[in-house]
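Below is one structure, written out as structure tokens; the observations come after it.
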Amino acid sequence: MSGVTQNVENVDDIDYSDIEAKYKVEYDDSFDNTLIVDGVPIIDKSKLERLLTKICKEFSRKGVPVKPDDIFMPWDESTGKSKGYLFMDFRNANDANTALLAMDNHPFDAKHTFKLNRFDDGEKYANMDETYVEPEIEEYTPREHLRAWLTDPQGRDQYVVYRGDDVEIFWHGKPSQCELAYKPDWKDFLYVSWSPQGTYIATLHRQGVRLWGGPSWKPQQRFAHPLVKLIDFSPCENYVVTWSNEPIVVPEGKPQGPQYFSPDDEGNNLAVWDIKSGHLLRTFSTNTGTEGAVKRQMQWPALKWSPDDKFVARVTPGQMISVHELPSMFLHDKKSLKIEGVVDFEWCPLSDKDRDEVEKVASVGAKGAKKAPENMIAYWTPEVANQPARVTLLSFPGRAILRQKNLFNVSECKLHWQNQGDFLCVKVDRHTKTKKSIFCNLEIFRVREKDFPVEVVELKDTVTDFSWEPKGERFAIVSTNDPNLGNPGPGITIKTDVSFYQLDRVKNDFKLLKTLPNRTSNAIRWSPRGRFVVLATVGSSTKSELEFWDLDFTLEDRRDGQVVKEDWGSSIQSLGLADHYGVTDVEWDPSGRYLATSASAWTHTLENGYAIWDFRGQELLKQIQDRFKQFLWRPRPRTLLSKDQQKQIRKNLKEFSRVFEEEDQRESENVNTELLALRRRLVDEWNAWRARSKKELGEGQGHDHAKEKQSEEDKEEIEVWVEEVVEQIEEEVED
Amino acid sequence: MRPILLQGHERSLTQIKYNRDGDLLFSCSKDHVINVWYTHNGERLGTYDGHNGTVWTVDVDSESRFFVSGSADNQLRLWNVATGKCLYTWEFPTAVKRVAFSEDDKQVVCITEQRMGYQCTIRVFNISRIGDSSKQSKEPAHIFNPIGSKATVCAFTSQPSIIFTGHESGKVALFNFKTGEEVDSNERAHSDVVTDLQMSPDKTYCITSSKDKSARIHDTKTLDVIKTFTTETPLNSAAIAPNKPYVLLGGGQEAMSVTTTSLRQGKFETRFWHKVFEEEVGRVKGHFGPINTCVFFL
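Printed below as a string of structure tokens:
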């Protein structure tokens, strides 16, 4: 008590120094609003006023007003002349900065050029420590391997599922090996997207794009493109293109640097980024200035990459194709390809062989090996006045026209490259003279042969989907003559025919293998390895069939170059039929062994979810999930095995597979025992909990009622019966 | 086993209930009528007329002497099972959504709807079983308003003066009806309206169904979720099978939200799930609309 009063009495003695130190007002004694201007003419006092007004005028002209009062000019008292420099005060540091930018190196007159410096800089450099200090080297932390998922001992593939607000990444393999790989806590994004070789996964946020990867799914890179809506990776994963429907705005005070938009980018909405550095390379505008004209739906991807990531091109419809070089993003050869009327174009994909060569060239260096093959562009122009429509093959960067073909009565063309670049199919929608009905021609360029011979397949019906067999010489089309085509309504499912064609090596033309009439299928999905194909009815409210076909059923295994001679089309065999109600997406896994179908809540809200099938149409997994949105297999990069190694494996397949078969055997035994154990445990837990609550009940009530209950309850013992099918033999009995 | 189709209502059913012996089945419906059926052959024993609005709920006592019904005409009625006579009628400001007898048949709990400025109210009545029982006290023995989300279902528990409730928000709770206080609650038991609540024979656990497409088994003492059964359709009802480790779930897309009249989209099948393993074991087709209520003979 006494201590407290004493303290109050001696108020003046209290030591406030710590508080004072804490709240001391810092006076701004810097000179960051002062500049030194060098290179001012040396004058005597009589001319001072005129000089100052002149200088002020010069500064004001560049948008930095100065008053003569703010200028201090030092004088050499001995000579009575100025010293050739002066000090200038500005309202604030910002103004000083603008003046520095605008007036440094400004030619005042023929003899004098202003050199501006910050006042602070002078002091800073004067006080600089002269001794050299070795910079500290940052410790090297090895980064995670971005392709670690490929080293999975079981060789499983991954897929990502986006449901509600949650993303989950799963392993997919044999039934016992399917498990959750990672559950990220990414928040507030539009959707996810894998890069084409599966190295990264991108999420699209309000602020921009984020890339994730590596075994711990750490953030790998980010691109600040606000309100981004679409994303596209370059084929070799070096670059990424983002698009937003909102034009770029650069508000003041935004961070600056090579990773951010600068004021020059304002108004554009397409951006190209370097993935490794995160730097912004260039922005474009997708509004091509054709206001007033019918606004066509934007094509996506708006920028098309050459398969080797060396060029990126975009088309200005009707005018030109602009090809930009990477990584500078300058226009190649400083000029676009001016092609009047051009509608669309496609790069020719690289075949595996081409890719090997490209890699060889890259590793040996430019000299040693022969030059890498040139890229190729295919484009088409419509009929204008007297000119026929035209499809052109152009080499790039050589810009030589390799082949041109004229076409008549064309209403629309679609370019389809086979994935090895061996064939180009131009699907030509042609109209009859009266323009009332539409039929279809397939013009197939055999790109690998001399002079690019063209085969024509004429069809009477409209072709709604076309698809090449990957690495193959076959293609499938969906055609229809349904009068309802073009006026979709609820409940209308268009009747279609599906046909397979194959290159006949002897006659060198494409021949019909088989037609499957009266289907509803409207989507063709080839397995990435070829041979197997799934025909699906997508986007219909009444039909949702999946048909699984094998095109080489009778062949033991497919040998390269050998074609079925005897029975044309006899090797096509249906493997299975399935149904996934409301299916919206159909996608093969990268290995071509499994097929995933999904019904996304983005399209409709009925029975959303996904299913995984094997290539024969057997359902392996089905998940019906509310608010399910997206299913994506993780792509795989190209194999690292050489051709010989692959051949070796194919030859000794029996030996390799033995190990796996044994593993499967063990596995299946394990699964049964595990399931049994799990069920035992669940039953034990349940019974234990029941016993506990019964005991509590007994204590709580204690009257005769409980006893009566007890006897009834005794019946409720749960037992487990396990039925194991040892073998099941189906015999056909003839009578 | 042969299914028996009971046809006797003109509008959709709202609740069905077995008596304790299992020989009678009570059904109530939106057509204002309550029916009672012989379960062994599906013959109708009789109807109970008198309500002037959708009959939302019924419950029968353990001796099959009396049963109570609650209706949208704001009435709670006590009936004589055998004679079909209405013994007593209580009137409330709003509709009666749920009724339940206590274990000793001496009390009835009822939930009235939150509407027209009236709060959702839970009342407990003492039922006099003397004489012909037509003399009942008009005033409830206990009355309280649960705070927060309104209650949709309720039942007596094995603990004295504690009732178990399910709420519109998906919450389940225990209330002491003598004091009106919330003893315990589990706010996140479901994420949507709790549509049904059925007790195990000894009332130590119960099953709830919800529009969030799942059904759950709760411990009635701790409110812990013991088991979860997740389906792909909104559920209207869930029942526990006696002496067998199964539960029965029913539901389906509501008629107004089914876009086309395809059977598969409505998912009107009755589902059987294994109670302990949480695995679906089977489905029974046959309904053409959502299943509103299902029950097992306990």
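Protein chains in written order, with the numbering used here: chain A, 16 to 750; chain B, 620 to 917.
Note that beta-carbon positions come from the ideal geometry of N, C-alpha and C, so glycine has one too.
All values reported here derive from a predicted model rather than from experimental measurement.
Span of the alpha helix (DSSP H) around residue i
i      : result
L115/A : A108 to M118
E138/A : F134 to A141
C71/A  : L63 to R76
D659/A : K658 to K666
K37/A  : S32 to K37
Residue j beta carbon less than 8 Å from that of residue i
i      : j      : result
L816/B : A774/B : yes
S775/A : T535/A : The first residue shown for chain A is 16 and the last is 750, placing residue 775/A beyond what the model contains.
W892/B : V914/B : no
H446/A : W483/A : no
R696/B : S688/B : yes
V425/A : G356/A : no
F896/B : R665/A : no
F411/A : E389/A : yes
V813/B : V844/B : no
D359/A : V330/A : yes
V679/B : N638/B : yes
T889/B : G869/B : yes
F685/B : S752/B : yes
K510/A : E458/A : no
I741/B : F711/B : no
Rounded C-alpha distance that separates residue i from residue j
i      : j      : result
V601/A : K429/A : 22 Å
P649/B : G627/B : First, the amino acid is wrong: residue 649/B is Lys here, not Pro. The alpha-carbon atoms of K649/B and G627/B are separated by roughly 12 Å.
R648/A : R225/A : For the sequence presented, residue 648/A should be read as Trp rather than Arg. Straight-line Cα distance between these residues: approximately 19 Å.
L296/A : L161/A : 23 Å
F467/A : F460/A : 6 Å
L656/A : E372/A : 15 Å
G871/B : V718/B : 24 Å
K846/B : I836/B : 5 Å
D28/A  : I34/A  : 14 Å
D30/A  : F276/A : 53 Å
C970/B : G905/B : Residue 970/B is absent from the model: chain B starts at 620 and stops at 917.
N699/B : Y177/A : 56 Å
W288/A : V264/A : 17 Å
K368/A : L352/A : 28 Å
Q638/A : G624/A : 5 Å
G597/A : G213/A : 28 Å
Host beta strand (DSSP E) of residue i (start-end)
i      : result
R418/A : I416 to L422
H220/A : I216 to H220
Y177/A : D172 to R178
F711/B : Taken as a continuous stretch (DSSP letters only), F711/B belongs to no beta strand (DSSP E), as it is neither H nor E.
W698/B : Q694 to N699
C440/A : F438 to H446
H786/A : An answer regarding residue 786/A cannot be provided, because it is not within the stretch 16 to 750 covered by chain A.
C729/B : Q726 to T731
Y147/A : Careful: Y147/A lies outside any beta strand (DSSP E) and carries neither H nor E.
T740/B : T740 to N745
P532/A : D524 to R534
E458/A : I453 to R461
F568/A : It is not in any beta strand (DSSP E) - F568/A carries neither H nor E in the DSSP assignment.
Check: residue i C-beta below 7 Å from any heavy atom of the ligand SAH
i     : result
V79/A : The ligand SAH is absent from the structure shown, which contains no ligand whatsoever.
Which residues of the region 636-669 of chain A have a Cβ closer than 8 Å to any Cβ of chain B? Give them in chain order. Residues I639, Q640 and D641.
Members of the region 767-781 of chain B near chain A, C-beta cut-off 8 Å: Against chain A - using a Cβ distance shorter than 8 Å - the residues of the region 767-781 of chain B are S777 and Q778.
Minimum length 3: unbroken beta strand (DSSP E) runs contained in the region 329-368 of chain A: Listed in chain order, they are 335-340 and 359-362.
Which residue spans inside the region 265-297 of chain A form an unbroken beta strand (DSSP E) run of at least 3? DSSP runs (the beta strand (DSSP E)) wholly in the region 265-297 of chain A: 285-289.
In chain order, what are the residue ranges of uninterrupted beta strand (DSSP E) at least 3 long that sit wholly in the region 578-629 of chain A? 588-594, 600-603, 609-614 and 624-629, all fully within the region 578-629 of chain A.
To be precise: take each residue of the region 168-187 of chain A, compare its Cβ to all Cβ atoms of chain B, and keep it if any distance is under 9 Å. Which residues remain? Closer than 9 Å at the C-beta level to chain B, one finds no residue of the region 168-187 of chain A.
Determine which residues of the region 827-848 of chain B have a Cβ less than 8 Å from any Cβ of chain A, and write them out in chain order. Cβ contacts with chain A: K832, D838, K840 and I845.
At what residue ranges does the region 829-903 of chain B contain a whole run of the beta strand (DSSP E), taking only runs of 3 or more? Counting whole runs of 3 or more residues, the region 829-903 of chain B contains the beta strand (DSSP E) stretches 833-838, 844-849, 854-859, 865-870, 889-893 and 899-903.
Between the region 675-694 of chain B and chain A, which residues of the former have CB atoms less than 8 Å from a CB of the latter, in chain order? Per Cβ criterion, the list is empty.
May I ask you to list, following chain order, the residues of the region 845-870 of chain B that have a beta carbon less than 8 Å from some beta carbon of chain A? Of all residues in the region 845-870 of chain B, I845, E851, P861, N862 and P864 have a Cβ within less than 8 Å of some Cβ in chain A.
Listed from N- to C-terminal order along the chain, which residues in the region 888-907 of chain B have their beta-carbon within a distance smaller than 7 Å of any beta-carbon of chain A? Shown in chain order are the members of the region 888-907 of chain B whose Cβ falls below 7 Å from a Cβ of chain A: V895 and F896.
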